[in-house]
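Heads up: the sequence shown at position 144 corresponds to 144 in full-length UniProt numbering, and the numbers run straight through without jumps. Cβ coordinates follow ideal geometry from the N, Cα and C atoms, glycine included.
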Amino acid sequence: MSKPSVLVARKTFDDIVDRLRPHFEVEANDSDTGWSQDELIRRLQGKAGAYIAGGDRIDAKLLDACPELKAVCTMAVGYNNIDVAACTARGVVVTNAPDVLTETTADFGFALMMATARRITESEHFLRRGEWKQWSVTMFAGADVHGATLGVLGMGRIGAAIARRGHLGFGMPVLYHNRSRLPADQEAPLGAQWVEKDELLRRADHLIIVVPYSASSHHLIGQRELRLMKKTATLTNIARGGVVDDAALAAELKVGTIAAAGLDVFEGEPTVHPDLLACENVVLTPHIASATIATRRAMSNLAVDNLIAALTGGAPTTALNPEVLRK
1 MSKPSVLVAR KTFDDIVDRL RPHFEVEAND SDTGWSQDEL IRRLQGKAGA
51 YIAGGDRIDA KLLDACPELK AVCTMAVGYN NIDVAACTAR GVVVTNAPDV
101 LTETTADFGF ALMMATARRI TESEHFLRRG EWKQWSVTMF AGADVHGATL
151 GVLGMGRIGA AIARRGHLGF GMPVLYHNRS RLPADQEAPL GAQWVEKDEL
201 LRRADHLIIV VPYSASSHHL IGQRELRLMK KTATLTNIAR GGVVDDAALA
251 AELKVGTIAA AGLDVFEGEP TVHPDLLACE NVVLTPHIAS ATIATRRAMS
301 NLAVDNLIAA LTGGAPTTAL NPEVLRK
């Protein structure tokens, strides 16, 4: 009896891909370049499962063109590239990779916030251009992190891990906004206080955005929100592109509405808004918040675990639509 076929749509660790081979016929993308939607549809013909990353779009059009598909497993925690409702309607189980990247992403978010506050990228460029001729008292003087007010927009797993670093490591008062308030026994260890979004914006010295992307969070931070913030404040986005209006942010950074921004995600990435590229008071990184070898391996292994379970009668541990498995 022939084995079912699966597609690995993004290059990952060879030994992890090899874990699929005893169970499936495997077609793997050996390139770091993602496929177009048409190419992804073509490659998925006859496939029962797909291992994907954050840039691979799974929508109703693709699902209708690939009727044998039964499982879509992403190595990312975010899944705004997957139409989960359309998958559920067609009996396709969807899994993601939460938890395994929480601490690493929180490390990076905090590092990006610190680099933004202390003007590290701006000063490095200055040095590399050969412009450092003498020391001065105010040269690249930035903002303190210790003792400053940390604002967390989106207090999920990663937001809580960032709050813990700020509160316990840097003595920061922590304000946060979520759609729902955390129980008091979860707030207390983080030194966290729930406030309305506008109050968060007004009071935070350093705002870190960690909300998932959805239609309701599109441009959650735009011109109006930026103009509520302190002129000395920084904004760090490690959530998803589109949560922040990049054009508005660039315009407000240019006129000094806020002091600086640190961005790991962008609207339309890998394209970056040219006005952001022209700003000196912004730290830009290419969507690498989870990029350590250990964490990327854990994300990949979880996606493979889920794919094997979904197609061999098991129970994927992080199914987004587990009702499909009960049918």
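Query                                                                                                                                                                           : Result
Unbroken alpha helix (DSSP H) runs of length 4 or more, entirely within the stretch 121 to 191: which are they?                                                                 : 157 to 164, 184 to 187
Quick check on the DSSP output: the alpha helix (DSSP H) that includes S300 runs from which residue to which?                                                                   : 293 to 311
Going straight from the alpha carbon of C279 to that of A251, what length do you get?                                                                                           : 9 angstroms
What residue range does the alpha helix (DSSP H) around V255 cover?                                                                                                             : 246 to 255
Terminal residues of the continuous beta strand (DSSP E) containing E68?                                                                                                        : No beta strand (DSSP E) contains E68, which DSSP labels as neither H nor E.
Beta-carbon separation of L112 and G151 under 9 angstroms?                                                                                                                      : no
Have a look at S123, W194, R128, V145 and flag the residue whose alpha-carbon is nearest the alpha-carbon of T138.                                                              : S123
Got a sec? Which residues, its chain only, sit under 7 angstroms from V100 by beta carbon, not counting five neighbours each side?                                              : T295, A298, M299, L302
Please classify E225: does DSSP put it in a helix, a strand, or coil?                                                                                                           : helix
Is the Cβ-Cβ distance between F140 and I208 less than 9 angstroms?                                                                                                              : no
Tell me the rounded alpha-carbon separation between A89 and D83.                                                                                                                : 10 angstroms
Would you mind stating whether L263 and H23 have Cβ atoms separated by less than 9 angstroms?                                                                                   : no
So what does DSSP say about G262, is it helix, strand or coil?                                                                                                                  : strand
Determine the contact status of T95 and V72, defining contact as a CB-CB distance below 9 angstroms.                                                                            : yes
Since L20 is in the alpha helix (DSSP H), which residue starts that stretch and which ends it?                                                                                  : Per DSSP, L20 belongs to no alpha helix (DSSP H) and is neither H nor E.
Can you list, in chain order, the residues of its chain with a C-beta nearer than 7 angstroms to that of G156? Leave out the 5 residues immediately preceding and following it. : V210
For L284 versus I258, is the C-beta spacing smaller than 9 angstroms?                                                                                                           : no
Only counting the same chain, and skipping five residues up and downstream in sequence, which positions put a Cβ closer than 6 angstroms to that of D59?                        : D83
Identify every residue that forms a DSSP beta bridge with Y51.                                                                                                                  : V8, C73
Helix, strand or coil: how does DSSP classify Q37 here?                                                                                                                         : helix
What is the rounded straight-line gap between the Cα of E39 and the Cα of K3?                                                                                                   : 23 angstroms
Where K230 and Q134 are concerned, what is the direct C-alpha to C-alpha distance, given to the nearest angstrom?                                                               : 31 angstroms
Give a yes or no on whether the C-beta atoms belonging to S290 and F108 are separated by under 9 angstroms.                                                                     : yes
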